[in-house]
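Those protein sequences? They're chains A and B, same order as listed. Read in order, the letters of the first sequence correspond to residues 2 to 701 in the working numbering. Read in order, the letters of the second sequence correspond to residues 10 to 330 in the working numbering. These notes are about the structure you will find just below.
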Amino acid sequence: MKRTLLSVLVASAFCAAPALAQDVTEFSGSISIGGRYVDNDAKDPSKFNEYRDLGDGSAGILNFELRGRSTENYLNMYGENLGREDSYLDFKGGRYNTFKYRLYNDNLRHNFGSGPGALSPFSGIGGGTLTAPFPLPAVGSWSSFDHSYRRSDTGGMFEWQATSPWYFRVDANEVRREGINVIAGANGTSPGNGFTDLPAPIEWTTRNYSAEVGYSTRRGHIAVNLSHSTFENDNDVLRWSNRFFSNGLDTTVLPPDNELTRIAINGNLRQLPGNSTLAARITHSIQKSDTNIQTTMLAAAGPSFSATNPSSPTFQGDIKRSSLGVSYASQPMQAVDTKLYFNWLKEDNDSTQMSFAPGAGLTGGTCTAASCAPELFHYEKQQWGAEGGWRMTRANKLSGGLEWTNIDRERADFKKSEESRVFAEWKNSSLESLTGRLKYQYLQRRSDFDPNIAILSQNPMDLYVRRFDAANVDQSMVKLVLDFTPVPLLDFGLEAIYKRNDYKDTILGRTEDQRNELYGSIAYGDPKNWRVMLFGDIEFVKFDSAHRVGTGNPDPSSGSNATTYNWTSRNEDNSWQVGLGADWAVLTRLTLKASLIYAETDGHTDFSVAPGGDPTLRLPITASDDTTRVAFNLKGVYELTRNWEVTAGYAYEKYRYSDIAYDGTRYVAGAGTTSSIVTGQFSFQNYEANIAYLVGKYRF
Amino acid sequence: MVIRLAAACLAACIALISTPAMAQAPAAPRTPAPEAEICKNCHADYVESYLATKHGQAGNVKGPDCRTCHGDVDAHVSAGGGRGVGGILGFNNKAIPADRKAAICLSCHESNRHLAFWSAGAHRKNDVACSDCHSLHSTPGPGSTIALKHPNPKVSPYQTTERQLQYETCTTCHRQIRSQLTKPSHHPIIEGKIACTSCHNPHGALSKAMVNAESIPQLCTTCHAEKRGPFVWGHPPVEENCLTCHNPHGSNHTRLLAEKAPNVCQDCHDASRHPGSIYDGSGGWNAATPNTRLISRGCINCHNHIHGSNAPAMKGKFFLR
């Protein structure tokens, strides 16, 4: 058993023993011991195992639960998958109406690739330096590595309230992530020189601490919370052999250590005139990082390193955020409820204002003063809103609201945005068996395109791009929800959503996106005997966008010719799934549970070149994250005796994946110094797996 | 290590706090309410199951009795019983407004700090009652201390956890989310490693979608702390809203992308050469010369540090290192 688990166990036992020893009235719980057999035919089982520890072959299962109850104290101890990489331990306890505590340890292994899905020519994987000879060895001699990381979250909390309105609470946890994640880098500075997949080490530790003191009564509540979080990366940089620059050691800068300190005050006042509640929250946080700037970077063949000439040898990241949220909710009359609210968020970036005067090879050809000094992102958002609901009759309720948002941001294109949102909703339950809800929402965003010419003129096309996250948009959304119970134990549910964003003033960029979604379900049965549910989901999503390419006139209105032209694309994502689940108490002692999911996703992209443009035939992309998934579960639970229970189960899963970016992966594209290399991640995800398990549970 | 020490210290503190209190005489067991015996005549299952819950626990002297929640049981009995008869309040009765049902629970729990923003939250506004999610007559499932309603059979891929997971309750109403949670790319929610409450506060919040932070980036970087920065070179949409590019509940595309790369990048970036070029169906691995902007992760193959970079000069500006 890992040391972390052991320490949690010991610590919890230490605290639990005196709390219950003199006052035990009842202990109950269970211990489950069993085994599981997995047969998986995947070349790369990482998709099957993405978040689950389900390696091929047999493995043990060990779970336990212990509940202690006395007249004053309670204790809940739970553990599952002990000894496995997805183990979970959770101990909670306390004294009724006095205090409570929790200790936990939660583990996860996130698998990204293995076998043919994780091949690399580099040596030193797992460390901070990756080396490979040039020319690269043949793919057949590349070695496989474990592309995954383990995440272990250990923490606890203690809260004291007793009978006093005062309370305090402390929380702390540590999240440790260890493993390898593949990042990448362009071989050269200019485009077109290939790229390299880089297995980078992950040795990250995040520690979070918080303390809260509050005063809480029926009339109101106030609390002050102070939290501090640190992130530590054991590796500052990754060095790697870059064949484009005579196989010199290039440098990729890894995520920096950082820390976040936050204070929050929140509270409310209840029972105000008009049956109102005033609630508010004010926060202030400081986020910092401290990074040594690379003073030279590999920049040319030779290999040759160029000075980067930073204006400061270190970068001191410093972002301060303040926020205020206020809500005033009232129920002035029995049939009327209202809410007024205000949200404000401000972000000041006081980080070091860097500038660089790099030598040859690091300029990318466009390193003017403006392009070598990063913009510091400042942001302020104010939002006012009012909502109201009127229950016209017992069975009819009308709701509506409007909201206005103002955003100021430090950005080269849109510095200011205003959003107006209005919605209306009708809820009807005239028929006792049918409840319906229909909602319409309209959102309008208008932004000032206020280009920073010094920045945007570096890429003249940017003067015509309207980025969809801030561009003018008219958004319409309709949502219908129906719940129908024609006879007892039979439920129909339906949810339909239509949502359309029309970026009406966009010249280049996303011009429209639309979602059509339908979710339905039928459920029947009494949970004590048998019940069944069938659901079906279908989604159609599309994105339309307009583009221009070429070194000629960047203005799209200037028309198209063979070398500079406008083009459009339509990207469609369709998906559907059906699911069937059933529980059946076959006998007093035997329960069967089964479920089946069949799901498909289908992506498609079409391209269209404007008349007069490049006549080259543009092939649509027909395989774009296309998947088929089948998941079947059958489980039987049999009560042998009052104390013994046996669970036997079988699961079948099948997954098929096809995508133009991964189908037919050859690991190397191109040749020589500008070749691109990949690890094979996501290329061999297909799997068909059978899982069988048998678990005996002893209850006491 | 520090956390482990802190955990051990915390346990020691709890033990110390517990010991003197344990030396006192144990509190008197809770006296069962007399009406429970009457209610049992018709509702034996409910009474028995209730007594096994945290509310009905012998040591919980503040625990409610039948009439605390259901009203005047005497009038109900005198009138001969039946649904709603004698003004009895049944929490499964859809004709009773959610606010009235919630008021019963709030009469005891209003001062609970978790409910500080209940009145401001979307659930109260949308007529969600406490009893729509919480099952007061059930004992919690394995590994849980709170009994949540799971009205439907579980439909999911094979799970290595036995715990009853929150999402099964939440997706009873949030059907769109139910669909997204099983998409090829998803957070480990159905695997039991993230709960809905890791990001949302169903009991109310001042933030949109009742998220547990003032803004989306502050929420996401609670776990993804490596993306906090601050970076020398930031990416404005990253700093403003992660949801511009990601769908946190699930997506057809890897890394929870709302749209596949390179399309999602091209929606904002155009230029005389790439990224303004067309990356069409002729550029896959099956082509003689695969297009390095289309294969594998698309634009991210080169611009890997898309969430921010501390590399100097243009290598950082274009998120190359």
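For glycine and all other residues, C-beta sits at the position ideal for the given N, C-alpha and C.
- By the neighbour-count criterion, in which 16 or more other beta carbons inside 10 Å mark a residue as buried, Glu248 of chain B falls on the buried side.
- With a cutoff of 8 angstroms on beta-carbon distance, Gln682 of chain A and Ala224 of chain A are scored as not near each other.
- Using a CB distance cut-off of 8 angstroms, Leu215 of chain B counts as an interface residue toward chain A.
- The C-beta separation of Ser153 of chain A from Asn106 of chain A comes to about 7 angstroms, placing the pair in contact by the 8 angstroms criterion.
- In the structure shown, Glu51 of chain A adopts coil according to DSSP, grouped into three states.
- Following the DSSP letters along the chain, one finds His222 of chain A inside the beta strand (DSSP E) bounded by residues 221–234.
- Near chain A, meaning a CB-to-CB distance below 8 angstroms, the residues of the region 270–301 of chain B are Asn272, Gln275, Asp276, Cys277, His278, Asp279, Ala280, Ser281, Arg282, His283, Gly285, Ser286, Ile287, Asp289, Gly290, Ser291, Gly292, Gly293, Trp294, Asn295, Thr298, Pro299, Thr301.
- By the rule that beta-carbons nearer than 8 angstroms mark a contact, Met323 of chain B touches chain A.
- Between Ile34 of chain A and Thr191 of chain B, the gap from beta carbon to beta carbon reaches 8 angstroms or more.
- For His262 of chain B, the C-beta contacts it makes with chain A under 7 angstroms involve Asp626, in order along the chain.
- In this structure, Gly156 of chain A keeps its C-beta atom at 8 angstroms or more from the C-beta atom of Tyr102 of chain A.
- Rounded to the nearest whole angstrom, the CA to CA distance from Phe169 of chain A to Asn226 of chain A is 10 angstroms.
- Comparing alpha-carbon positions, the option among A:Glu654, A:Gly604, A:Thr569 lying closest to Asp615 of chain A turns out to be A:Thr569.
- Per DSSP, Thr315 of chain A lies in no alpha helix (DSSP H); the unbroken beta strand (DSSP E) holding it starts and ends at 315–334.
- By the C-beta criterion, the region 500–516 of chain A is judged to be in contact with the region 460–476 of chain A, since at least 3 inter-stretch pairs fall below 8 angstroms.
- Taking 8 angstroms as the threshold, the shortest C-beta distance from Met355 of chain A to chain B falls below it.
- Between the region 253–262 of chain A and the region 228–244 of chain B, the count of C-beta pairs closer than 8 angstroms reaches three or more; the two stretches touch.
- The criterion of a C-beta distance shorter than 8 angstroms is not satisfied by Gly389 of chain A and Phe424 of chain A.
- Across the set B:Pro321, B:Lys324, B:Gly292, the C-alpha of B:Gly292 shows the shortest separation from the C-alpha of Ala624 of chain A.
- DSSP, read as helix, strand or coil, puts Glu46 of chain B in helix.
- Not a single C-beta of chain A is nearer than 8 angstroms to the C-beta of Lys158 of chain B.
- At least 8 angstroms separates the CB of Phe100 of chain B from every CB of chain A.
- Scanning its chain for C-beta atoms nearer than 7 angstroms, with the 5 sequence neighbours on each side dropped, one finds around Leu266 of chain B the residues Cys254, His255, Ser260, Val273, in chain order.
- Here Glu160 of chain A is bridged, per DSSP, to A:Lys101, A:Arg170.
- The count of Cβ pairs closer than 8 angstroms, one atom from the region 84–102 of chain A and one from the region 48–65 of chain A, reaches three, so the stretches are in contact.
- The beta carbon of Pro333 of chain A sits closer than 6 angstroms to those of Gly275, all from its chain and outside the five residues before and after it, given in chain order.
- DSSP links Ser33 of chain A through a beta bridge to A:Asn64, A:Lys698.
- In chain order, Thr252, Phe306, Ser307, Thr309, Leu363 place their CB closer than 7 angstroms to the CB of Met298 of chain A, counting only its own chain and leaving out the 5 sequence neighbours on each side.
- Chain order gives no chain A residues near Glu57 of chain B, where near means a beta carbon separation below 7 angstroms; the closest approach is about 13 angstroms.
- Boundaries for Arg657 of chain A: no alpha helix (DSSP H) harbours it, while the beta strand (DSSP E) harbouring it runs 645–659, taken from the DSSP string.
- Assignment of Thr230 of chain B by DSSP, reduced to helix, strand and coil, places it in the helix class.
- The beta carbon of Ser217 of chain A is closer than 6 angstroms to those of Pro166 in its chain, skipping five residues each way along the sequence.
- Cβ atoms of Tyr441 of chain A and Val479 of chain A come within 8 angstroms of each other, at about 5 angstroms.
- For Ala611 of chain A, the nearest beta carbon of chain B is not closer than 8 angstroms to its own beta carbon.
- Of the residues assessed, Gln686 of chain A falls on the buried side of the cut-off, its CB having 16 or more other CB atoms within 10 angstroms.
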